[in-house]
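J.: Just dropping this structure here.
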Amino acid sequence: IRYRIKSKLSKVYDYEYYTAIYIYIYHTCIKTQNRYQNNHNMDKTTMLLFSILFLFTFLTIALSKNICNQDDKDTLLKIKKSLNNPYHLASWDPQTDCCSWYCLECGDATVNHRITALTIFSGQISGQIPPEVGDLPYLQTLVFRKLSNLTGQIQPAIANLKYLRTLRLSWTNLTGPVPEFLSQLKNLQFLDLSFNDLSGSIPSSLSLLPNLLSLDLSRNKLTGPIPESFGSFKGQVPDLYLSHNQLSGSIPKSLGNLDFNRIDFSRNKLKGDASMFFGANKTTWSLDLSRNMFQFDLSKVETPKTLGILDLNHNGITRNIPVQWTETPLQFFNVSYNQLCGRIPNGGKLQTFDSYSYFHNKCLCGAPLDSCK
């Protein structure tokens, strides 16, 4: 009961919400009746009438309350129509309060209960992103996820959403480029365009987003180099996920000036030196550069003392593993399929990983591989 009452209206239908209120108040009235009767010697009939009157008054107020903004409601009904009135949005009934509709969240009184979140996830939705999403001016979260029949390009009207903090368009069949207009969303913190069919190059203007905390463009068909501007993000250094694309060229050296927490550039066609991501003074937690064409001397590389995940497999990295790496709190580690040589340093976490983390190198030896000769 308490869960139902405290949960947001978007999570339950109206009849469930008010039924929960009714049950909660009924039990509250019974308890109040017992306490009051014991203290004031009131007869049961009078107390019951008092309880019924209180319950009736409360439900009359609750059932008459409609906090949904009419402009937002009209816009949402247009969005529903544009998506061919799917069953997934069956709760979007024009006769009910839109703040109770599935997939939505309303803000509090400070924003006049305007729609602040639209999250459509894993439903039988077909068509393109409706342009009307740009007519929800107080939207902070916009999610279209795991919708395999969602097609077309990223809707330009999204640029109108000046308060947007989270944009997640993932696991769909969206095509076209990563649009330049995304750099206009100055409040954006989380941008996830992963698992789509986006193509073209990565816009350098994304580095202009002053509040960006995470950028995920993984598992698309993006080509070209990593932008030089990614070495000069305007705000906090974001987590970068660019894996499973067709990115090529060398990593800009300017990226070495930043202290990333998480980087995943795996499964691309990147080449050259990637040692700029290492350094004893950095605070990186996860670094995945696997399945590229990187070539650099590993013996000169110091790992951050915070590094927990390191994957360098399937590159052309040379020389030996430094002894300093025994001081790294690694939880996952893989340097297989490179050109490494020499003895694996003994100590720390390095012997806790099996031979698959080291095999197919030029001449690595020592536990967990065969002994050095």
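Using my numbering, read the sequence shown as starting at 3 and increasing by one per residue. Every residue, glycine too, gets a C-beta built ideally from N, C-alpha and C.
1. State the DSSP-derived secondary structure class of C367, mapped to helix, strand or coil.
2. Between F146 and the rest of its own chain, which residues show a CB-CB distance below 7 Å, the 5 nearest in sequence each way excluded?
3. How about L312 and M295: are their beta carbons less than 8 Å apart?
4. Please report how far the alpha carbon of L214 lies from the alpha carbon of M278, in whole angstroms.
5. Beta carbon of N348, beta carbon of A369: below 8 Å?
6. By DSSP, does S196 sit in helix, in strand, or in coil?
7. First and last residue of the beta strand (DSSP E) that includes A241?
8. By alpha-carbon positions, which one of F183, N283, T112, G136 ends up nearest to D73?
9. Between which residues of its own chain and I63 is the CB-CB distance below 7 Å, once the five residues before and five after are set aside?
10. On the three-pair Cβ rule with 8 Å, is the region 99-109 touching the region 154-172?
11. Taking all protein chains shown into account, do 16 or more other C-beta atoms lie within 10 angstroms of the C-beta of F334, making it buried, or fewer, making it exposed?
12. Here's the rule I'm using: 16 or more other beta-carbon atoms within 10 Å means buried, otherwise exposed. How should T77 be labelled?
13. Do L166 and L144 come within 8 Å of each other at the CB atom, strictly closer than that value?
14. Three-state secondary structure (DSSP) at F296?
15. Within 10 angstroms of its Cβ, does K75 collect 16 or more other Cβ (buried), or is it exposed?
16. How long is the line joining the alpha carbons of R321 and D218, rounded to whole angstroms?
17. Please report the distance separating the alpha-carbon of G258 from that of G310.
18. List the residues that DSSP assigns as beta-bridge partners of V145.
19. Assign D372 to buried or exposed, taking buried as 16 or more other Cβ atoms, counted over all protein chains shown, within 10 Å of its Cβ.
20. With DSSP collapsed to three states, give me the class of C108.
21. Could you check if A92 is buried or exposed, using at least 16 other CB atoms within 10 Å of its CB as the buried criterion?
22. Taking the C-alpha atoms as reference points, what is the distance between N86 and K148?
23. Could you give the first and the last residue of the continuous alpha helix (DSSP H) run that contains L80?
T.: If we stick to the structure as given:
1. strand
2. I122, I131, L152, L171, T174
3. no
4. 22 Å
5. yes
6. coil
7. A small correction: the amino acid at residue 241 is Asp; Ala does not occupy that position in the sequence shown. Where D241 is concerned, the enclosing beta strand (DSSP E) stretches over 241-243.
8. G136
9. Confidence at I63 is low in this model, with a pLDDT of 42, below 50, so its placement is unreliable and no value can be given for it.
10. no
11. exposed
12. buried
13. yes
14. strand
15. buried
16. 32 Å
17. 19 Å
18. T121, R170
19. exposed
20. strand
21. exposed
22. 18 Å
23. One point to set straight first is that residue 80 is Lys, not Leu, in the sequence displayed. It spans 72-84 - the alpha helix (DSSP H) in which K80 sits, taken as one unbroken run.
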